[in-house]
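Visitor: Attaching a single structure in structure tokens format; questions to follow.
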Amino acid sequence: MAADLIKDGVYAVGARDWDERHFHGQTYVVKRGVTYNSYLILDDKITLIDTVRKGFEKELIDNIKSVADISKIETVIINHIEPDHSGAFPEILKLCPEAHYYGTKKAREGLLKYYGAAAKNWTDVKAGCSINIGKRTLEFIDAPMIHWPDSMFTYSAFDKILFSNDAFGQHYTTDKVFDDEVDFAVFMEELQKYYANILWPFGSLIGAKLAALSKLEIEMIAPSHGLVLRKYINESFEKYSRWAANACSNKVAVVFETMWGSTALMAEKIAQGITSQGVEVVLFDVAKTDRPDIISYMLEAKGFVFGSSTHDGEMLPLIAGFLCFLKGSKAKGRRAFAFGSYGWSGEAAAQIEETLSKIASFDPALKVVYAPTTEELQKCYEAGREFAKKIKSER
Ligand code: FEO
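For the sequence shown, my numbering assigns the number 402 to the last residue and increments by one with no breaks.
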């Protein structure tokens with residue numbers, strides 16, 4: 008691939024990872040691949056914003072060389088040091104040893120720890136600092152925990168571009184560059200999935216940052232993953248505001264794992280009861296659905312229903328892993344209940360409640376020995392129905 012012009016003098020020079028299917032270890036299945044976006048600004052001082060993951064240095068360097076002499080880069084901005092963005096830092100440092108590097112103090116310290124490498128010319132950036140690179144003044148916006156403590160954004164008022172690093176990213180590789188060149192529904196699906204799986208825990212910080220960003224003139228958001236936003240900026244801001252506020256709607260996710268099908272039977276009856284009240288419900292068997300897709304749905308769901316069979320006194324391992332991940336989301340204001348079948352003791356429901364006690368309030372659990380009878384399935388239906396009524400009645 009070559010460098011992509013996104014605005015006069017501004018190029019996307021990052022890498023497309025078409026084949027990646029697991030991001031953050033095994034935590035995020037990325038069925039549409041990943042991009043590691045970097046940007047090059049051709050001004051009096053040629054400026055590189057962020058690098059790429061280790062292994063993609065050649066693509067970055069080739070892309071830069073297609074529009075500029077890499078040895079002439081005078082400014083390198085490190086918005087964030089997570090290895091998906093800083094992996095090529097040592098290589099860039101080798102090729103541009105005299106350039107001036109900018110990032111937060113935490114970024115400098117982190118790069119030293121990761122790579123044992125330090126730029127000769129480095130400035131610790133603080134909130135509100137700016138630098139002039141010719142026609143452009145680049146402003147640095149601190150963005151701690153969006154997505155790591157070192158994170159910041161860079162804003163070019165001249166271009167009206169916000170280089171937002173992880174914020175507004177999507178794990179979505181295509182041969183296109185802009186949001187309006189792909190299917191809108193797919194773009195929004197990936198924007199939501201990314202927020203739910205990467206940024207959900209940081210909603211309060213994101214909400215405050217959005218308020219600050221709304222004062223800027225922004226015609227383009229250039230994130231470090233996925234497509235550049237130019238058409239759907241308002242829609243994306245609105246979605247981010249909603250998610251950051253932990254807003255949710257009358258939807259229920261029934262998430263379960265089953266050994267011999269009894270817990271699955273219960274899940275289906277509960278879902279029927281929920282549907283009877285006109286409340287949207289989706290069943291997710293954690294053994295059959297990618298976790299990021301479930302988490303993405305749950306971002307906007309008011310009701311969480313969790314089921315697990317009990318095995319040797321414990322909930323099943325896939326649902327346990329799922330709850331462990333969900334617990335980190337810091338979701339708020341959710342209503343929930345637990346259910347499941349068991350053979351002799353039935354601890355799973357109580358374990359589910361305990362695991363998620365900080366992010367949801369639980370109604371009484373439903374437990375069934377071995378297989379549900381017709382009467383017990385009716386109780387599942389009624390539990391789903393009553394749960395849906397509460398979901399509808401609560402704001
Ligand atoms: Fe895309 Fe926090 O790294």
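Backbone N, C-alpha and C define an ideal beta-carbon position, used for all residues, glycine too.
Would you say Asp91 touches the ligand FEO, meaning its beta carbon is less than 8 Å from a heavy atom?
Guide: yes
Visitor: Taking all protein chains shown into account, do 16 or more other C-beta atoms lie within 10 angstroms of the C-beta of Glu245, making it buried, or fewer, making it exposed?
Guide: exposed
Visitor: By Cβ distance, which residues of its chain are closer than 8 Å to Gly340, with the 5 residues on each side in sequence left out?
Guide: Asn253, Cys255 and Lys309
Visitor: Any heavy atom of the ligand FEO closer than 8 Å to the Cβ of Ile205?
Guide: Under cutoff, so the answer is yes.
Visitor: Tell me the residue span of the alpha helix (DSSP H) that contains Leu333.
Guide: Pro324 to Lys334
Visitor: Might you give, ordered along the chain, the residues of its own chain that have their beta carbon closer than 6 Å to the beta carbon of Gly117, omitting 5 neighbours on each side?
Guide: Leaving aside the five residues that flank Gly117 on each side, the residues in its chain whose CB is nearer than 6 Å to its CB run, in chain order, Ile88 and Asp157.
Visitor: Find out if the Cβ-Cβ distance for the pair Gly320, Glu354 is shorter than 9 Å.
Guide: It is a contact, given that the beta carbons lie within the stated cut-off.
Visitor: List the whole-angstrom C-beta distance separating Ser316 from Trp207, where the pair is believed to meet the contact cut-off of C-beta under 8 Å.
Guide: About 28 Å separates the two Cβ atoms, so there is no contact after all.
Visitor: By the 10 Å Cβ neighbour count, where 16 or more other Cβ atoms means buried, how is Lys216 classified, buried or exposed?
Guide: buried
Visitor: Where in the region 78–116 do unbroken runs of the beta strand (DSSP E), each at least 3 residues long, occur, reported from the N-terminal end onward?
Guide: 80–84 and 107–110
Visitor: If Ile302 and Phe332 are in contact, beta carbons under 8 Å, what's the gap, nearest whole angstrom?
Guide: 7 Å
Visitor: Is any heavy atom of the ligand FEO found at a distance shorter than 8 Å from the C-beta of His87?
Guide: Yes; taking the cut-off as 8 Å, the Cβ of His87 has a heavy atom of the ligand FEO nearer than that.
Visitor: Tell me whether His154 is buried or exposed, calling it buried when 16 or more other Cβ atoms sit within 10 Å of its Cβ.
Guide: buried
Visitor: Could you check how far apart the C-beta atoms of Thr144 and Asp131 are, in whole angstroms? I think they sit under 8 Å.
Guide: Not confirmed; about 19 Å, so no contact.
Visitor: For His92, count neighbouring C-beta atoms within 10 Å of its own C-beta (all shown protein chains included) and say buried if the count is 16 or more, exposed if not.
Guide: Counting Cβ neighbours within 10 Å, His92 comes out buried, since at least 16 surround it.
Visitor: How many whole angstroms separate the CB atoms of Thr42 and Thr180, which I take to be in contact at a CB cut-off of 8 Å?
Guide: With a contact defined as Cβ atoms closer than 8 Å, Thr42 and Thr180 qualify at about 5 Å.
Visitor: Is any heavy atom of the ligand FEO found at a distance shorter than 8 Å from the C-beta of His29?
Guide: no
Visitor: Skipping 5 residues on each side, what residues in its chain have a beta carbon closer than 6 Å to that of Tyr388?
Guide: Lys276, Gln279 and Gly280
Visitor: Answer yes or no: do Phe165 and Lys142 have a C-beta to C-beta separation smaller than 9 Å?
Guide: yes
Visitor: Beta carbon of Ser158: closer than 8 Å to some heavy atom of the ligand FEO?
Guide: yes
Visitor: For Trp267, is the classification buried or exposed, using 16 other Cβ atoms within 10 angstroms of its Cβ as the cut-off for buried?
Guide: exposed
Visitor: My output table needs one value for Trp207: the three-state DSSP class, helix, strand or coil.
Guide: Assignment of Trp207 by DSSP, reduced to helix, strand and coil, places it in the helix class.
Visitor: Check whether the Cβ of His232 sits closer than 8 Å to any heavy atom of the ligand FEO, and report yes or no.
Guide: yes
Visitor: Is Gly176 close to the ligand FEO? I mean its beta-carbon at under 8 Å from any heavy atom of the ligand.
Guide: yes
Visitor: Expressed to the nearest angstrom, what Euclidean distance is found between the alpha-carbon atoms of Ala294 and Phe263?
Guide: 8 Å
Visitor: I'd like to confirm something about Asp173: is its beta-carbon nearer than 8 Å to some heavy atom of the ligand FEO, or not?
Guide: Checking the Cβ of Asp173 against the ligand FEO gives yes.
Visitor: Is it the case that the CB of Trp129 approaches a heavy atom of the ligand FEO more closely than 8 Å?
Guide: no
Visitor: Just how far apart, CA to CA, sit Thr34 and Gly62?
Guide: 20 Å
Visitor: Could you tell me which of Leu384, Arg23, Ala338 and Lys365 sits nearest to Asn204, measuring between CA atoms?
Guide: Ala338
Visitor: Thinking C-beta only, is Pro230 closer than 9 Å to Asn70?
Guide: no
Visitor: Have a look at Lys133, Lys365, Lys65 and Asp51 and flag the residue whose alpha-carbon is nearest the alpha-carbon of Ala9.
Guide: Lys65
Visitor: Residues in the same chain with beta-carbon distance under 8 Å from Ser221, minus the five sequence neighbours each way, listed in chain order, please.
Guide: Cβ neighbours of Ser221 beyond the five flanking positions: Phe244.
Visitor: For Tyr247 and Ile213, which I take to be in contact (beta-carbon distance under 8 Å), what is that distance rounded to the nearest angstrom?
Guide: Right, the Cβ-Cβ distance comes to about 6 Å (below 8 Å), so this counts as a contact.
Visitor: Report the rounded CA-to-CA distance for Met322 versus Tyr377, giving the unit in angstroms.
Guide: 15 Å
Visitor: Could you work out which residue in Phe175, Ile48 and Lys374 is closest to Gln199 when comparing CA atoms only?
Guide: Phe175
Visitor: Is any heavy atom in the ligand FEO found nearer than 8 Å to the beta carbon of Trp155?
Guide: yes
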